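Here the sequence shown is numbered in our numbering, starting from 3 and rising by one per residue. C-beta atoms are modelled at their ideal positions from N, C-alpha and C, and glycine is treated no differently. Source: prediction; values computed, not measured. Structure record follows, encoded as structure tokens.
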Amino acid sequence: MRPSVRGIYQRPGYIYATRAEELARKEGYTRLARLASNENPFPLSPQAKEMAREALDEVNRYPPEYQTCLTEALARHCSWRHIVLGNGMDGVIEAVIRTLIDPGDEVVVAEPTFSFYRVAATAQTAEVRGVPRKKDFSVDVPAFIHGCREAKLAFLCTPNNPTANLTSCEEVRKILDATDTMLFLDNAYIEFADAEYRDLMAEYDHLIIGRTMSKAFSMAGLRLGYALVPSWFVSPYHRASTPFAVNRVTAAAALGALSDLDHVRESKAHVAYWRKKFLESIPYPTFPSQANFVLIDTTPHRGEEMMEQLAKRGILVRSCESFPGLGDHYIRVNIGADWENELFLTVINAL
Ligand SMILES: *Cc1c(COP(=O)(O)O)cnc(C)c1O
3 MRPSVRGIYQ
13 RPGYIYATRA
23 EELARKEGYT
33 RLARLASNEN
43 PFPLSPQAKE
53 MAREALDEVN
63 RYPPEYQTCL
73 TEALARHCSW
83 RHIVLGNGMD
93 GVIEAVIRTL
103 IDPGDEVVVA
113 EPTFSFYRVA
123 ATAQTAEVRG
133 VPRKKDFSVD
143 VPAFIHGCRE
153 AKLAFLCTPN
163 NPTANLTSCE
173 EVRKILDATD
183 TMLFLDNAYI
193 EFADAEYRDL
203 MAEYDHLIIG
213 RTMSKAFSMA
223 GLRLGYALVP
233 SWFVSPYHRA
243 STPFAVNRVT
253 AAAALGALSD
263 LDHVRESKAH
273 VAYWRKKFLE
283 SIPYPTFPSQ
293 ANFVLIDTTP
303 HRGEEMMEQL
313 AKRGILVRSC
323 ESFPGLGDHY
333 IRVNIGADWE
343 NELFLTVINA
353 L
């Protein structure tokens with residue numbers, strides 16, 4: 003390691019589900035059941051594909067600076083005028099932190115949750131304060147509000163990754179009423195949930211709702227995240243974010259995908275069908291899910307051990323040991339294609 007690399011990058015960072023894949027390949031599997039990354043098993047919508055292909059003709063030119071055509075389509079889709087874009091929601095999260103955080107500022111996260119908030123905030127010199135969720139993974143609202151006292155920014159994921167539960171709109175409202183801290187509500191899985199938070203945008207000037215086209219829209223490999231933001235936030239966000247973060251091909255695909263909402267409806271129905279089956283048939287304790295994945299308590303086995311056992315049978319799932327604040331006996335499994343789900347249920351019942 004060169005001595006000039008910052009200390010935080012000399013420690014292990016974000017964990018990707020690569021070990022499961024290595025194990026499966028070692029066993030000789032080439033066709034893998036991919037249930038580790040909460041992706042959509044359905045391919046990209048044909049309309050989106052067609053528009054992406056056409057956009058390739060113009061990639062010698064830089065994309066439009068603010069992708070106005072796409073932001074307007076997203077604004078119509080969400081019924082909220084002020085939209086910002088990023089290279090995945092991860093890119094949005096990073097740019098939001100860059101917009102708001104000076105060195106040493108506090109950032110609050112309700113853990114266990116998506117670990118990138120902590121990684122990204124730490125990388126941008128914030129002090130991260132983790133507020134533990136309750137035993138059932140619901141947010142400890144008074145503790146969260148208390149944690150926000152000195153904070154510039156707080157992250158709340160609903161439905162939460164990896165626990166799959168919602169924080170109710172009333173609870174979110176309680177938090178917003180009690181604090182001035184900017185609240186980033188991560189709605190990566192909102193299309194699979196029976197919940198809606200968008201109406202809060204009109205009432206609060208310190209709320210951001212993050213969304214992504216990676217999950218419900220099958221665009222994980224194209225990287226498009228966006229956020230509903232208060233109007234005052236648009237201009238500072240543009241100053242802080244990477245120029246041209248969204249490329250032409252991705253923007254065109256997103257426009258195509260937004261014109262094919264049947265794709266989202268089918269994905270949602272597929273998830274609802276299999277989610278119910280998963281919760282009925284998995285021979286371990288599970289948790290209620292409002293997302294396209296379920297959290298499984300694998301006691302007495304360690305999550306890592308279950309992940310290995312499944313990988314050796316060609317099934318990739320996520321061991322949850324790397325999520326701060328979660329024990330070492332959980333795995334997270336997403337709804338895949340029919341054959342992947344059937345294989346997973348057969349194998350986990352036979353282990
Ligand atoms: C998948 C995910 C994201 C990021 O998605 P992108 O692919 O970067 O758009 C953000 N938050 C949560 C909770 C996620 O699970």
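Boundaries of the beta strand (DSSP E) in which residue i is found, first to last residue
i    : result
A156 : 153 to 159
P360 : The requested residue 360 does not occur in the structure, where the chain is confined to residues 3 to 353.
E113 : 108 to 113
I210 : 209 to 214
D188 : 184 to 188
L37  : Looking at the DSSP string, L37 is not in any beta strand (DSSP E), and its letter there is neither H nor E.
A229 : 227 to 230
Residue i - containing alpha helix (DSSP H), residue span
i    : result
G93  : 90 to 102
A54  : 48 to 57
T73  : 70 to 80
I177 : 171 to 180
E417 : Coverage of the chain is limited to positions 3 through 353, which leaves residue 417 absent and any answer about it impossible.
T20  : First-last for T20: undefined, no H or E at that position.
V121 : 118 to 125
I147 : 143 to 149
Among the options, nearest to residue i - alpha-carbon criterion
i    : options                : result
D142 : M91, A112, E152        : A112
S341 : N40, A271, R36         : The displayed chain sequence assigns Trp, not Ser, to residue 341. Residue R36 is the option with its Cα nearest to W341.
N294 : R304, F280, P287       : F280
P238 : V98, A253, R250        : V98
R55  : C159, T252, P326       : T252
G93  : S39, E52, T348, V248   : V248
F118 : L102, F289, I95        : I95
D330 : G305, P114, I350, E52  : G305
G223 : E23, E41, E24          : E41
K270 : E205, P161, A195, T244 : A195
E205 : G149, D179, A197       : D179
L87  : P245, D59, L318, S321  : P245
D188 : A197, K176, Y199, T160 : T160
T165 : A339, R120, R334, F346 : R334
A122 : M91, E24, A255         : M91
M203 : E307, S233, Y191       : S233
T20  : V319, T348, G327       : V319
W276 : Y64, S216, T124, L347  : L347
E24  : E323, M309, N343       : M309
Alpha-carbon to alpha-carbon, residue j and residue i
i    : j    : result
D264 : P5   : 52 Å
F116 : N163 : 5 Å
D182 : V110 : 13 Å
R135 : L257 : 37 Å
D138 : L297 : 12 Å
P43  : V236 : 34 Å
I350 : D299 : 13 Å
G106 : E129 : 6 Å
A57  : Q69  : 13 Å
S291 : D59  : 42 Å
S140 : L168 : 8 Å
L34  : I317 : 6 Å
T32  : T214 : 29 Å
A339 : Y199 : 29 Å
I177 : R131 : 16 Å
I337 : D262 : 21 Å
F325 : P114 : 6 Å
Y11  : E282 : 42 Å
E108 : P144 : 18 Å
G327 : E52  : 44 Å
(request) Flag this pair as touching only if the stretch 169 to 179 and the stretch 43 to 52 have three or more C-beta atom pairs under 8 Å; answer yes or no. (result) no
(message) Under 8 Å, with one C-beta from each stretch per pair, do the stretch 21 to 28 and the stretch 309 to 320 reach the 3-pair mark?
(response) The answer is yes - the stretch 309 to 320 touches the stretch 21 to 28, with three or more Cβ pairs under 8 Å.
(message) Three Cβ pairs or more, each shorter than 8 Å: is that satisfied between the stretch 200 to 216 and the stretch 229 to 247?
(response) yes
(request) Kindly confirm or deny that the stretch 150 to 167 and the stretch 179 to 193 touch, where touching means at least three C-beta pairs closer than 8 Å. (result) yes
(request) Note down, one range per segment and in chain order, each alpha helix (DSSP H) of at least 4 residues found wholly within the stretch 273 to 352. (result) 305 to 313, 340 to 352
(request) Quick one: which unbroken alpha helix (DSSP H) runs of 4-plus residues sit fully inside the stretch 235 to 272? Chain order, please. (result) Entirely contained in the stretch 235 to 272, the alpha helix (DSSP H) runs reaching 4 residues are, in chain order, 236 to 242, 250 to 260.
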